[in-house]
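Using the numbering used here, read the sequence shown as starting at 275 and increasing by one per residue.
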Amino acid sequence: MVSSNTLTTTQFRDTIIRHLTYNLGKDAEHAQVQDWRMALSLAVRDQIVDSWFASTRRSYEKQAKRVYYLSMEFLIGRLLEDGIVNLRLVDQARDALTGLGQDYDAVLADEPDAALGNGGLGRLAACFLESLSTLGCPAYGYGLRYEHGLFRQSFKDGRQIEAPETWLLQQHAWEFERPEARFRLGFGGTVEVKGDKATWTPTEFVDAEAYDTPIVGWQGRWANTLRLWSAKAVDPFDLDSFNRGDFAGAAEPEALARTISRVLYPDDTTDQGKELRLKQEYFLTASALRDILRRFDSEYNDLGLLPSKVAIQLNDTHPAIAGPELVRLLHDERGLPFDEAMTLARGCLSYTNHTLLPEALESWGEGLFGKLLPRHLQIVDRIDDAHAKANPTRKVSARADGQVKMGELSFIMAHKVNGVSALHSGLMTTTVFEELHRLHPDRILNQTNGVTPRRWLLSCNPRLSSLITDTIGEGWVDDLEQLKALEPHIDDPAWLDRYAQAKHDNKADLAAWIKDTQGIEIDPAMMFDVQIKRLHEYKRQHLNILEAIAHWQEIKANPDADWTPRVKIFAGKAAPGYFFAKDIIRLINDVSAVINADADTRHLLQVVFLPNYNVTLAERLIPAADLSEQISTAGKEASGTGNMKFALNGAPTVGTLDGANVEIREHVGAENFFLFGMTADEVDARRAIDGHAAKAIAADPRLKAALEAIETGTFSPEEPTRYHNIVENLSGPDYFLVASDFTDYWRAQREVDTAFADQKGWMRMAALNTARSGWFSSDRTIQGYMDDIWDAKSLLGG
Ligand code: 26Q
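Here you go:
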């Protein structure tokens, strides 16, 4: 086991009791599970605070360059276990709580997920914060303190139902409110320009108040701050209305102001053009920039030093208004010449692109943009003019066709622009940013995503972690490439048995949990085939369920053949307005009901859709997975990060050559990865073929029969037409080429069956996936950003 902190169990228990008594006002006799959870959290937090202060002090002493990570999303999940694991307090915390008569695991499980993000981009930001602290890089995360995170998902008759997420119902143990850190922000109004001097007079104001959460790195050596902004009314209520007896009216300004940080936009691509969203983006960005300049001013009095002291990373274009806003602060408010302001801003800013999907590239109508941010619209034009002057051959601009294009704006205002996998970064140079790349060939670079091994192996998979540490020591926890040292052990049958035992026990735990929560019984000996991610046509959950249907039909036709038993596990949310994605969820649930009820086949094939996918559910599923489904249409998934978590935890991939799958396959070896499907180049050629879907269906009787089963109501007998829309789409336009990739997917899945039937061979493959996934640590990714983009240094050691 990983060794532990020097704090004794007794000391720790006393601290818990002290918090329970004096901070929560509860006596141990009457304390409920949430009281114990709060007391434990505060006791853990105590241990973080000293390191947090020390880190801040050291950053000032060293006059270090700081990194500011601006993101509309931080998909944190739970923090308690993370803190306990990173501070190496696992034994003390468990013993202390047990000694107090409490169930340690139940106390940890009481913490709600902080679901302040939609999916990959938000979870990446959370992994990055943890790695920044582990590496001792001085950094702040800046985001919004949404009152409601991503909606809670349940199913009614197979259909997705959304309910608000209320993670703040109980007090949030980790944050410190900072009433003194408050900025007033304006919207709307008019601009008066006199020569080079512009004065913006907004008409609407709102205050931003900071809440700080310390983020501790491995072994508590360093802790950075996640600073989330909450919107507050300038005046708590309207006294005039109140005095007139209009109590609702009196409360209105307050309610209106607070809408800005009320709820996370539950869409990860398409929900665009909404005024409130632009307000949220400006609110985050403007508050962060004021805070950054305030901190800079407290240390330096030469704005020329900005790029050497401040690195600002834009997590996608959502905070792209940082470009014009920083120029405005430096030029309008601090009086620097415009060109100099622009140069300094660009020296600080860099931008990460997370998608090439055209519908996900943000743009704002100039009417709306100019109404809310009139001065910024003028500055966007001046940025375009300056860029045009410097690059007379250019054809692109940030403002075009009545729109402000946030991708172009971010590119022009950043000194570095990165993609998130090798394939994706390459595609950036040939597709959306082709023209800008020609003008600035040194600006685009790649930083392949990674995941934090503390959460995604050490903490979520204690059985495998213990085996690894027993075998090679604990150095892997912050140097994940050390997993390579496992390779020689994989040939030792006794070692491989232990590896298999860990996987089996994880599967048995998951099966028991599924039985408890869903009432569905699954046998841990079956293959656990898992696809968990947001619902999206390009991610092709419908390809997976079509294969399940075809597989079921084949088993029914040949019940005595040598089938490899498998359970297909799905989880994921659909954006509330994405009706096609919601239909796919319902179809999977309908198929699940029919197939699981079939006594002839259910020992060979089952389908389970688990509701309310979130970080905590991922932590439960990934260690128990045998097979990782990464089956997006090639060229569409920028990177993926779930794919890395599965490989690390010993689930080989069935996947396309898309995003980071390409690099995973290179690292784990082609023989340990089940490849299928068209490449990104082939995809475009295939789409150009007239009737490509119909041709694919005509050529594959299994696909044809599966679609017919859906179309004739096999899974919706009470409403046979329910899925006509899906069938029509897949037989007609089929933009994401489900039909065209089906036959090869089927082939790959049968190869998976054969491989899994040889359990020794399979476990070898699984263990090789673990041993060779070290490169996918977010520590490696962050070191890459520090070296190639931020020019930031670790302050650990020395
Ligand atoms: C935009 C405008 C209005 C409302 C919402 C949005 C919005 C919100 C979230 C647009 C996109 C997102 C999220 C995108 C995302 O999660 N992308 C994923 O990023 C991961 C981390 O780099 C990659 O691994 C995934 O491949 C990519 O899909």
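For each residue, glycine too, the CB sits at the ideal point set by N, CA and C.
All of these numbers come straight from a predicted model, not from anything done at the bench.
Mind checking whether the beta-carbon of residue i lies closer than 8 Å to any heavy atom of the ligand 26Q?
{"i": "L403", "result": "no"}
{"i": "G396", "result": "yes"}
{"i": "H628", "result": "yes"}
{"i": "Y539", "result": "yes"}
{"i": "V691", "result": "no"}
{"i": "G933", "result": "yes"}
{"i": "S739", "result": "no"}
{"i": "G909", "result": "no"}
{"i": "R960", "result": "no"}
{"i": "H592", "result": "yes"}
{"i": "G644", "result": "no"}
{"i": "R551", "result": "yes"}
{"i": "G393", "result": "yes"}
Select from the options the residue whose C-alpha is nearest the C-alpha of residue i.
{"i": "P885", "options": "Q434, M680 and K336", "result": "Q434"}
{"i": "Q337", "options": "R1038, Y574 and W837", "result": "Y574"}
{"i": "L567", "options": "A524, A529 and L618", "result": "L618"}
{"i": "L760", "options": "H825, P1007, M1039 and L631", "result": "M1039"}
{"i": "Q677", "options": "A835, A786 and E640", "result": "E640"}
{"i": "A688", "options": "H661, T667, P438 and L552", "result": "H661"}
{"i": "D955", "options": "R976, T907, R939 and K978", "result": "T907"}
{"i": "A962", "options": "V942, P926, L1011 and E985", "result": "L1011"}
{"i": "Y342", "options": "E303, A472, N589 and P488", "result": "N589"}
{"i": "H592", "options": "D576, A674 and S624", "result": "S624"}
{"i": "A413", "options": "A400, G394 and G396", "result": "A400"}
{"i": "D716", "options": "H966, G1035 and I686", "result": "I686"}
{"i": "L409", "options": "F920, V537, E682 and T726", "result": "T726"}
{"i": "E607", "options": "F643, T487 and D470", "result": "D470"}
By DSSP, does residue i sit in helix, in strand, or in coil?
{"i": "M275", "result": "Confidence is the limiting factor: at M275 the pLDDT is only 44, short of 50, which leaves the residue's position unreliable and the question unanswerable from this model."}
{"i": "K807", "result": "coil"}
{"i": "N575", "result": "coil"}
{"i": "A413", "result": "strand"}
{"i": "K690", "result": "strand"}
{"i": "L281", "result": "coil"}
{"i": "W638", "result": "strand"}
{"i": "A437", "result": "strand"}
{"i": "A1066", "result": "coil"}
{"i": "G494", "result": "helix"}
{"i": "Q827", "result": "helix"}
{"i": "E347", "result": "coil"}
Going along the chain, which residues of its own chain have a beta-carbon closer than 7 Å to the beta-carbon of residue i, five neighbours each way excluded?
{"i": "M275", "result": "Residue confidence is low: M275 scores 44 on pLDDT, short of 50, so the model does not pin down where it sits. No coordinate-derived value is stated."}
{"i": "N863", "result": "F429, G432 and F883"}
{"i": "N279", "result": "L361, R362, L363 and Q366"}
{"i": "T890", "result": "G351, R352 and D387"}
Cutting at 8 Å between CB atoms, please list the residues of its own chain near residue i, excluding the five before and the five after it.
{"i": "A983", "result": "I823, Q827 and F989"}
{"i": "G463", "result": "W474, T475, P476, T477, E478 and P648"}
{"i": "G578", "result": "L618"}
Roughly how far, in whole angstroms, is the beta-carbon of residue i from the beta-carbon of residue j, given that I think they are within contact range, below 8 Å?
{"i": "L820", "j": "F1016", "result": "6 Å"}
{"i": "V936", "j": "L1042", "result": "So it is not a contact: roughly 18 Å between Cβ atoms."}
{"i": "P850", "j": "E436", "result": "5 Å"}
{"i": "A562", "j": "A531", "result": "18 Å between Cβ atoms; not a contact."}
{"i": "S902", "j": "T927", "result": "5 Å"}
{"i": "Q321", "j": "G494", "result": "7 Å"}
{"i": "D803", "j": "R860", "result": "20 Å between Cβ atoms; not a contact."}
{"i": "F707", "j": "R656", "result": "Not quite, the Cβ-Cβ distance comes to about 22 Å (not below 8 Å), so this is no contact."}
{"i": "D1018", "j": "G951", "result": "6 Å"}
{"i": "L355", "j": "L382", "result": "For the record, residue 355 in the displayed sequence is Glu; it is not Leu. The pair is a contact, with the Cβ atoms about 5 Å apart (cut-off 8 Å)."}
{"i": "L538", "j": "L719", "result": "Actually they do not touch by this definition, with Cβ atoms about 30 Å apart."}
{"i": "L922", "j": "W730", "result": "6 Å"}
{"i": "M346", "j": "L418", "result": "7 Å"}
{"i": "A855", "j": "A848", "result": "4 Å"}
{"i": "L977", "j": "A970", "result": "7 Å"}
{"i": "K339", "j": "A1066", "result": "5 Å"}
Excluding the 5 residues flanking residue i on each side, which residues of the same chain have their C-beta closer than 6 Å to its C-beta?
{"i": "D384", "result": "V307, Q308 and R311"}
{"i": "Y997", "result": "L861 and I984"}
{"i": "A782", "result": "P798"}
{"i": "A560", "result": "L459 and E599"}
{"i": "G724", "result": "F1050, S1051, S1052, R1054 and T1055"}
{"i": "H650", "result": "P598"}
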